[in-house]
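Enquirer:
Protein chains in written order, with my numbering: chain A, 92 to 141; chain B, 2 to 612.
Here it is in structure tokens:
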């Protein structure tokens, strides 16, 4: 996972598409929710939030 | 020894290719093994095969190169959704979970899949990524016989690029021009494929085959309304007429209104003259764009060689026109010009660009495109026994003689010889062969053997030395990617009443002395056969020529509609027993349908999903 984050940050830095940063941040948060909501102990809490 | 595995996957036509010390060892599409047409899944079987052919374990590979860059593709998707927002929210909400769960993590995903071939594989850093259009361009230039060439790739879309121009010199390949998504010639053609009721990414051939039945009535309308075409061939699409950037269909209501008819529903709407005229119009527009681009490139760079790849490079009618107009002195087209060939380009690109290896051998490196699996006689005999087939083993001379005689007697032959072809064309390795002189053959092959639409044309294989006696062409076309007219002397002039016929009725008119391979506009998609790349096929046609004085055979892929081309002995036997093929020839073995156990006949017509 860390190598992925590192590679993705290098990619963002290289491409300099700053306009995409807000949407990527939101998607990253959604991504974390997707991962956490799949069979994790925190899933019930996420479901109650939504 | 350096070994590089190239992989293309996850969009359509996944494939694997292996190169060792820069030489192409093997390449194959996954669909041939999985028996699922255009299979886009991870190419497990194809990878397994190329490793076996190269006699190497996965952990011993030096690099594994994926044919495109997922981060760049993700960037394109996000920017496109932003540009079109709030339109496209449905498509956005459908695609994002897949990206966030899987596609963004392609390196890890690939690593896990690769590990299943060899548990000792533990170096994720061996996995590299190439750009989609660089992979295409590399597949077109590096195996070509040219020291220097203009390399044009025309495709649907990769990451951002849809059309690129590169200059290849020695072992260098520099991208110099790009047209970006959503402006795409491939997607424009696919939009019309969708509009005429065919499947996108597979029905484009049908549009090309349908075009000669129509007139390009709508060409001006297309150029006026939906295309901004410049003199140098560069173009922009008017996105008001399309839905593919953010929607779930290719075209929208405005597009249908422009031409006056809704999208054809293949389940209930018949093909009419309107659809033929639409096909003729988009084909003509495509040719005009390709000709304009190539003319301006030739004028600008003054290089005499052109290499082509990308899905649009499979449009052999447009390719034939480039050659006919003598825009470039030499043209070489990658036989696996679609995404499958990206696997080979990714591997070759890494060898020359990243490892900076010299490129010395300036001959066609594709080995006739016979880069797939081969079966030995001992193995075939065991397999045929297990399939309860009735067969005979013949000597080489007998085999050639018996097959040629049967072809001359109007029999249809399944021809399974040597290594399987890489790319969409059957080139005499996994082919169905027939006599082109027969008037009924085109209809018979389409309806009784291929179970496909009767309008679809068949291609000829011709001995290279007889090419210009029979066709209006004098240029090698070993990969069946050039279209030219049947020679005037061989054509039969249409009567006045014949000329008044419309659409598919033209099919019943005898158009030449080889009617089965002559399309309604007298054109043919030609494969030249060369003794050095396929001696057995060459000898067969030569023998047929001795009997009939005709050095041409009908050559169509060994499959039925919707089925991937046969790969194994079992696939060939199943197809033979499920269709009206008369004879099956597998290496030195001959099987006659009349001698097979009738209980082994199969219902094959509905086995494969229509394409």
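For each residue, glycine too, the CB sits at the ideal point set by N, CA and C.
Quick caveat: nothing in here was measured; it's all calculated off a predicted structure.
When the distance is taken between beta carbons, is residue 446 (chain B) closer than 8 angstroms to residue 460 (chain B)?
Expert: With contacts defined by Cβ atoms closer than 8 angstroms, residue 460 (chain B) and residue 446 (chain B) do not form a contacting pair.
Enquirer: Within the chosen definition, does the region 419 to 428 of chain B reach the region 363 to 375 of chain B through at least 3 CB pairs nearer than 8 angstroms?
Expert: Cβ pair count under 8 angstroms is three or more, so yes.
Enquirer: Are the beta-carbon atoms belonging to residue 118 (chain A) and residue 95 (chain B) less than 8 angstroms from one another?
Expert: no
Enquirer: Output needed in chain order: residues of the region 92 to 108 of chain A with a Cβ under 9 angstroms from some Cβ in chain B.
Expert: 92, 94, 95, 98, 99, 102, 103, 106 and 108
Enquirer: Less than 8 angstroms separating the beta-carbons of residue 45 (chain B) and residue 207 (chain B)?
Expert: no
Enquirer: Taking CB distances under 8 angstroms as the criterion, tell me whether residue 356 (chain B) reaches chain A.
Expert: no
Enquirer: Measuring only the C-alpha atoms, how far is residue 298 (chain B) from residue 177 (chain B)?
Expert: Each residue's alpha carbon lies about 11 angstroms from the other.
Enquirer: How is residue 306 (chain B) classed by DSSP in three states: helix, strand or coil?
Expert: strand
Enquirer: Between which two residues does the beta strand (DSSP E) containing residue 333 (chain B) stretch?
Expert: 331 to 334
Enquirer: Determine the direct distance from the alpha carbon of residue 326 (chain B) to that of residue 185 (chain B), and round the result to whole angstroms.
Expert: If you take the alpha carbons of residue 185 (chain B) and residue 326 (chain B), they lie about 24 angstroms apart.
Enquirer: Which same chain residues end up closer than 8 angstroms to residue 360 (chain B) when comparing Cβ atoms and leaving out the 5 residues on each side of it in sequence?
Expert: Excluding residues within five positions, the ones whose Cβ falls inside 8 angstroms are 23, 143, 171, 172 and 353.
Enquirer: Which residues, in chain order, does the region 84 to 100 of chain B contribute to contact with chain A at a C-beta distance below 9 angstroms?
Expert: 97, 98 and 100
Enquirer: Are the region 29 to 44 of chain B and the region 560 to 568 of chain B touching by the rule of at least three beta carbon pairs closer than 8 angstroms?
Expert: yes
Enquirer: To which residues of the same chain is residue 388 (chain B) closer than 6 angstroms at the C-beta, ignoring the five residues directly before and after it?
Expert: 574
Enquirer: Grab me the residues of residue 135 (chain B)'s own chain with a C-beta within less than 7 angstroms of its C-beta, minus the 5 sequence neighbours each way, in chain order.
Expert: 176 and 350
Enquirer: Using DSSP with H/G/I as helix, E/B as strand and the rest coil, what is residue 272 (chain B)?
Expert: coil
Enquirer: Is there at least one Cβ from chain A nearer than 8 angstroms to residue 79 (chain B)'s Cβ?
Expert: So, interface residue.
Enquirer: In whole angstroms, what is the alpha-carbon distance linking residue 95 (chain A) and residue 101 (chain A)?
Expert: Those two C-alpha atoms are separated by around 10 angstroms.
Enquirer: Is the beta carbon of residue 17 (chain B) closer than 8 angstroms to that of residue 48 (chain B)?
Expert: For residue 48 (chain B) and residue 17 (chain B), yes; Cβs fall inside 8 angstroms.
Enquirer: Give, in chain order, every residue of the region 63 to 76 of chain B whose Cβ lies closer than 7 angstroms to some Cβ of chain A.
Expert: 72 and 76
Enquirer: Can you grab the Cα-Cα spacing for the pair residue 415 (chain B) / residue 535 (chain B), in whole Å?
Expert: 16 angstroms
Enquirer: Here's a check: name, in chain order, each residue in its chain whose Cβ is nearer than 6 angstroms to the Cβ of residue 196 (chain B), leaving out the five neighbours to either side.
Expert: 252 and 264
Enquirer: Just to check my reading of the structure: residue 438 (chain B) and residue 515 (chain B) have Cβ atoms closer than 8 angstroms, yes? What is that Cβ distance to the nearest angstrom?
Expert: 6 angstroms
Enquirer: Does residue 282 (chain B) pass the burial test, meaning 16 or more other C-beta atoms within 10 Å, or should it be called exposed?
Expert: buried
Enquirer: Consult DSSP for residue 519 (chain B) and reduce its assignment to one of helix, strand or coil.
Expert: coil
Enquirer: Rounding to the nearest angstrom, what Cα-Cα distance links residue 340 (chain B) and residue 497 (chain B) in this structure?
Expert: 45 angstroms
Enquirer: Anyone know if the C-beta pair for residue 174 (chain B) and residue 138 (chain B) falls short of 8 angstroms?
Expert: yes
Enquirer: In the DSSP assignment, what residue or residues form a beta bridge with residue 575 (chain B)?
Expert: Paired residue(s): none; residue 575 (chain B) is not in a bridge.
Enquirer: How would you write the range of the alpha helix (DSSP H) that residue 122 (chain B) sits in, first residue to last?
Expert: Careful: residue 122 (chain B) lies outside any alpha helix (DSSP H) and carries neither H nor E.
Enquirer: Whose C-beta lies closer than 7 angstroms to the C-beta of residue 580 (chain B) among residues of the same chain, with five residues either side of it excluded?
Expert: 450, 561 and 605
Enquirer: Nearest by alpha-carbon distance to residue 521 (chain B): which of B:43, B:8 and B:210 is it?
Expert: If we check each option's Cα against that of residue 521 (chain B), B:210 comes out closest.
Enquirer: Since residue 590 (chain B) and residue 386 (chain B) are thought to touch, with beta carbons under 8 angstroms apart, how far apart are those beta carbons, to the nearest angstrom?
Expert: Rounded, the Cβ-Cβ distance is 11 angstroms, inconsistent with contact.
Enquirer: With a CB to CB cut of under 6 angstroms and the five nearest residues on each side skipped, what residues in its chain are close to residue 442 (chain B)?
Expert: Only 435 and 517 meet the Cβ criterion.
Enquirer: Could you check the C-alpha separation between residue 61 (chain B) and residue 120 (chain A) for me, to the nearest Å?
Expert: Rounded to the nearest angstrom, the gap between the Cα atoms of residue 61 (chain B) and residue 120 (chain A) is 39 angstroms.
Enquirer: Output yes or no for whether 8 angstroms exceeds the beta carbon distance between residue 469 (chain B) and residue 553 (chain B).
Expert: The answer is no: Cβ separation not under 8 angstroms.
Enquirer: Using a C-beta to C-beta distance shorter than 8 angstroms, which residues of chain A count as neighbours of residue 106 (chain B)?
Expert: 95
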